[in-house]
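Residue numbers (the numbering used here): 306 to 713.
Working notes, beginning with the structure itself.
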RNA sequence: GCAGGGGUGGGAGAGUGGUUAAAUCCAGCGGUCUGUAAAAUCGCCGACUUCGGUCUACGCAGGUUCGAAUCCUGCCCCCUGCACCA
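In structure tokens, the structure reads:
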């Protein structure tokens, strides 16, 4: 594959504030590629959140592309910087992590990341390696590479500066420290979310100071959540977790609004832009239904994360359960065991039992009553109008999507 | 430290002595519709209840009152000016 072809693939999906920057970055990338050596690519991840979502994998997919082209990929755990707090998501609390927790999180993180990355070709590093024992002398030296004006250029800061909102020094330092990572890794390319542009650019500034060829920064769009509006995140509840079982993932993907489908295709599947275009054309001339496009999306994503057979299986499950409204054969189970008879009350069971995502079927007796009175609960396919006692073998449906089978 | 403003349900935000489990909006949940989309529409949205009610709730702790989210006292926290420091 020639260099232009490579850079075209690699630059695909990148998003910069301005077009000029993109062109420059592409040029720099091509120059680096033309050197014919494996490049050092990295992306940093904040280890405070352990459960990865589909949002996390878009940078990983990019790293994967580099791996496939024979470059060196470093998966950098932001063990140290994560503790300082990033201004780009200021309102999130960052709990202090102990070293053990950190290690644990990192392990968990990478385990999940290997759904995308090739473990054999991935180097795991954590930036505490070099940041933790940085002396104040070295630290001040790093600081002297930046001017305040450079920081105030950043949108996030300049807005707050103008409106007299607090800007903490630690926030400045965050970018600085992160920039130092690039130096330490002798990075050729850093991948990140588009909200990280400033931090990635800081790496370039420092690299120049350290006589390194500045890294190419590749920023990728932020994935919207299942609401189709705001960034996917666990804390906003609009996420699809990487670890969710295929059936559930399929359902969640089916629930995204139509206007998010395109970006999901681009960022989370290997379907080419051309092929996607063909699909939308097929919809335009009624050869394909919109829901089938979305199903294809779900199948593509799940195939990538699990396997083709799990993907088709979850599609079948979806069709049977939600489209044909059949009672599924697989569902959560509740073991009745040797409970007292008053423990067999449906309401009690619904309050006690958790869904796989940690939610309860119902949070209180009042809620169960509400659900029953609103015709939301059925047992063995029949709506019930009062709290009943259940027995082994009963299949309960709550709302449209929640099922529970009573077992021994 | 001084002055001023404020802390109400998941969020935003009304309410300044009883008719307030607390307007309204958002989010959430459920019904109908449907493509687990969007839109629409109807209903629910503190807990418990023998469905008559009962209990708990408006930063925390006391007090006044037949009765307080609403008034008083003390405390805690947040914001905005100013001062101190430089």
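A virtual CB, placed ideally from N, CA and C, is assigned to each residue, including glycine.
Just the C-alpha distance for residue i and residue j, rounded to the nearest angstrom, thanks.
i: residue 365; j: residue 503; result: 20 angstroms
i: residue 450; j: residue 439; result: 16 angstroms
i: residue 668; j: residue 662; result: 14 angstroms
i: residue 357; j: residue 545; result: 9 angstroms
i: residue 333; j: residue 315; result: 12 angstroms
i: residue 397; j: residue 537; result: Low confidence applies here, because residue 397 scores a pLDDT of 42, under 50, leaving its location unreliable and the question unanswered by this model.
i: residue 687; j: residue 318; result: 49 angstroms
i: residue 419; j: residue 618; result: 23 angstroms
i: residue 417; j: residue 690; result: 44 angstroms
i: residue 331; j: residue 568; result: 22 angstroms
i: residue 477; j: residue 452; result: 11 angstroms
i: residue 475; j: residue 378; result: 29 angstroms
i: residue 486; j: residue 306; result: 31 angstroms
i: residue 548; j: residue 660; result: 14 angstroms
i: residue 705; j: residue 629; result: 12 angstroms
i: residue 392; j: residue 592; result: Low confidence applies to residue 392: its pLDDT is 49, below 50, so where it sits in the model is not reliable, and the reading given next is rough at best. So the two alpha carbons sit approximately 47 angstroms from each other.
i: residue 554; j: residue 531; result: 11 angstroms
i: residue 372; j: residue 461; result: 33 angstroms
i: residue 406; j: residue 320; result: 34 angstroms
i: residue 527; j: residue 324; result: 18 angstroms
i: residue 655; j: residue 620; result: 27 angstroms
i: residue 395; j: residue 479; result: Residue placement at residue 395 is poorly supported in this model, since its pLDDT is 41, which falls under 50; the coordinates still yield a value, given next. Straight-line Cα distance between these residues: approximately 12 angstroms.
i: residue 437; j: residue 490; result: 16 angstroms
i: residue 341; j: residue 375; result: 11 angstroms
i: residue 433; j: residue 427; result: 18 angstroms
i: residue 693; j: residue 505; result: 59 angstroms
i: residue 719; j: residue 540; result: Here the chain comprises residues numbered 306 to 713, so residue 719 is not present and cannot be evaluated.
i: residue 368; j: residue 500; result: 18 angstroms
i: residue 310; j: residue 404; result: 43 angstroms
Helix, strand or coil for residue i per DSSP?
i: residue 700; result: strand
i: residue 576; result: coil
i: residue 640; result: strand
i: residue 342; result: coil
i: residue 395; result: Because the pLDDT of residue 395 is 41, which lies under 50, any placement of that residue in the model is unreliable, and the question is left without a value.
i: residue 542; result: coil
i: residue 650; result: strand
i: residue 315; result: helix
i: residue 566; result: helix
i: residue 383; result: coil
i: residue 659; result: strand
i: residue 451; result: coil
i: residue 431; result: strand
i: residue 370; result: helix
i: residue 537; result: coil
i: residue 375; result: coil
i: residue 694; result: strand
i: residue 321; result: coil
Can you tell me the Cβ-Cβ gap for residue i and residue j, rounded? I've got them flagged as a contact below 8 angstroms.
i: residue 484; j: residue 524; result: Not really, about 15 angstroms apart at Cβ, beyond 8 angstroms.
i: residue 551; j: residue 615; result: 5 angstroms
i: residue 535; j: residue 602; result: Actually they are not in contact, since the Cβ atoms of residue 535 and residue 602 sit about 20 angstroms apart, beyond 8 angstroms.
i: residue 384; j: residue 431; result: 4 angstroms
i: residue 684; j: residue 697; result: The Cβ separation is near 13 angstroms, so there is no contact.
Do you know whose CA, among the options, lies nearest residue i's CA?
i: residue 337; options: 494, 610, 602; result: 494
i: residue 412; options: 436, 518, 382; result: 382
i: residue 713; options: 342, 371, 649; result: 649
i: residue 623; options: 596, 640, 612; result: 596
i: residue 518; options: 345, 562, 308; result: 345
i: residue 446; options: 432, 482, 560, 325; result: 482
i: residue 707; options: 600, 489, 621, 665; result: 665
i: residue 359; options: 421, 340, 509, 590; result: 421
i: residue 638; options: 327, 709, 693; result: 709
i: residue 370; options: 573, 489, 653; result: 573
i: residue 327; options: 671, 313, 339; result: 313
i: residue 658; options: 692, 612, 674, 711; result: 711
i: residue 386; options: 423, 652, 435; result: 435
i: residue 425; options: 380, 458, 508; result: 380
i: residue 699; options: 594, 641, 368, 561; result: 641
i: residue 598; options: 627, 612, 562; result: 562
i: residue 429; options: 444, 443, 410; result: 410
i: residue 533; options: 674, 560, 610; result: 560
I'd like to confirm something about residue i: is its beta-carbon nearer than 7 angstroms to some heavy atom of the ligand ADP, or not?
i: residue 362; result: No copy of the ligand ADP appears in this structure; indeed no ligand is present at all.
message: Taking 8 angstroms as the cut-off, does the segment 600-607 touch the segment 680-700 (at least 3 CB pairs, one atom from each stretch)?
response: no
message: Contact between the segment 360-375 and the segment 518-538 is defined here as three or more beta-carbon pairs at a separation below 8 angstroms; is this criterion met?
response: yes
query: Taking three-plus beta-carbon pairs below 8 angstroms as touching, is the segment 627-635 in contact with the segment 577-591?
result: no
Touching by the beta-carbon criterion (3+ pairs, under 8 angstroms), the segment 337-352 and the segment 544-559: no
field: Sufficient close CB pairs (3 or more, under 8 angstroms) joining the segment 512-519 to the segment 574-582
entry: no
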